[in-house]
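Just below is one structure, and these are the notes that go with it.
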Amino acid sequence: MPTPNEAALSLLETRRTIAALQLAEPGPSDAEIRRMIAAASRVPDHGKLTPWRFVLYRGAARAVLDEKLTPIFRARFPGAPEGKVLVEAQRFSAPPLTIGVLSTAAEHVKIPVWEQELSAGAATMNLMLAAHALGYAAQWLSGWCCYDDEAAALLGRKPGERFAGLVAIGAPTVPPVDRPRPAFEDVVTEWSA
Ligand SMILES: Cc1cc2nc3c(=O)[nH]c(=O)nc-3n(C[C@H](O)[C@H](O)[C@H](O)COP(=O)(O)O)c2cc1C
């Protein structure tokens, strides 16, 4: 019988999203960011293609990015209420750190694109868990800017890439409140002949 790693299990069982707007300083240090990226890079990767990469949005660059994104948002959603624009204008400025995870999946002789994309999802989840393990909270986001060509290019997306997510990371300013999780019976079937 293997010895359970209760600390690791507890980490999985207690992780809860905290909304990006409820994340505050301090954010992760350079050394912590390196550690999170190393953990995120240790994911199953059929063919060892490394079909993902990371972009850091932090420091003073965040406000500059928000300033450049907001007019694009206004142009795309001219009827958006001012409150929504205000929230959008803080997308990157509010959390201390956002890490973009880009899937670089491409057609390959052996490895399906789908499997490469799953690896990017796994990298994103490892990033979330590493943030949690270091004592930070996080939110896995997407949103219009991941899918809008002009905005995504501004965020650093290259042709052919897709955002797996934007992971906002920081110190939680509110306690985590859990949400209902699927019951075992609802998500599991037992195969029988
Ligand atoms: C690929 C992906 C994109 C997401 N994008 C958003 C988003 O743009 N906005 C949002 O509020 N939640 C988004 N979510 C959901 C949250 O990350 C999170 O799963 C949700 O708040 C539930 O919290 P939990 O992690 O505690 O279960 C996304 C989740 C995934 C997997």
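If you want this note's numbering, it's the 1-based position in the sequence shown plus 64.
All C-beta atoms, glycine included, are put in the ideal place defined by N, C-alpha and C.
Note to self: Looking at the strands, I want to know which residues DSSP matches up with P236.
What the structure shows: In the sequence shown, counting from the first residue as 1, residue 236 sits at position 172. In the DSSP secondary-structure assignment, P236 is bridged to L87.
Checklist line | Spatial distance of A61 from W178 (CA atoms) | finding: The shown model of the chain, from 65 to 257, leaves out residue 61, and the question about it has no answer.
Notebook entry, point to check: Do you know offhand how far S206's Cα is from P240's?
Noted result: If you number the sequence shown from 1, residue 206 lands on position 142. If you number the sequence shown from 1, residue 240 lands on position 176. Approximately 21 Å between the Cα atoms of the pair.
Item checked: alpha helix (DSSP H) segment containing F137, residue limits -> On the sequence shown, residue 137 is found 73 positions in, with the first residue counted as 1. Looking at the DSSP string, the run of the alpha helix (DSSP H) that includes F137 is A125 to R140.
Note to self: Mapping the DSSP letters down to three states, classify T162 as helix, strand or coil.
What the structure shows: As a working mapping, residue 162 is identified with position 98 in the sequence shown. Residue state, collapsed to three classes: strand.
Check: Closest by CA to R226, which one among A71, P68 and W116?
Finding: The residue labelled residue 226 in the question sits at position 162 within the sequence shown. Of the listed residues, the one whose Cα sits closest to R226 is W116.
Note to self: One question on the structure: do W204 and G229 come within less than 8 Å of each other, judged by their Cβ atoms?
What the structure shows: Mapped onto the sequence shown, residue 204 falls at position 140. Mapped onto the sequence shown, residue 229 falls at position 165. Yes, the pair counts as a contact, with Cβ atoms nearer than the cut-off.
Next item on the list: To the nearest angstrom, report how far apart K174 and L191 are at their CA atoms.
Entry: Within the sequence shown, numbered from 1, the residue matching residue 174 stands at position 110. Within the sequence shown, numbered from 1, the residue matching residue 191 stands at position 127. Going by the C-alpha atoms only, they are around 27 Å apart.
Check: Hey, out of G123, L133, A102 and Y200, whose CA is closest to D212's CA?
Finding: For the purposes of this step, residue 212 is identified with residue 148 of the sequence shown, where counting begins at 1. It is L133 whose Cα lies nearest to the Cα of D212.
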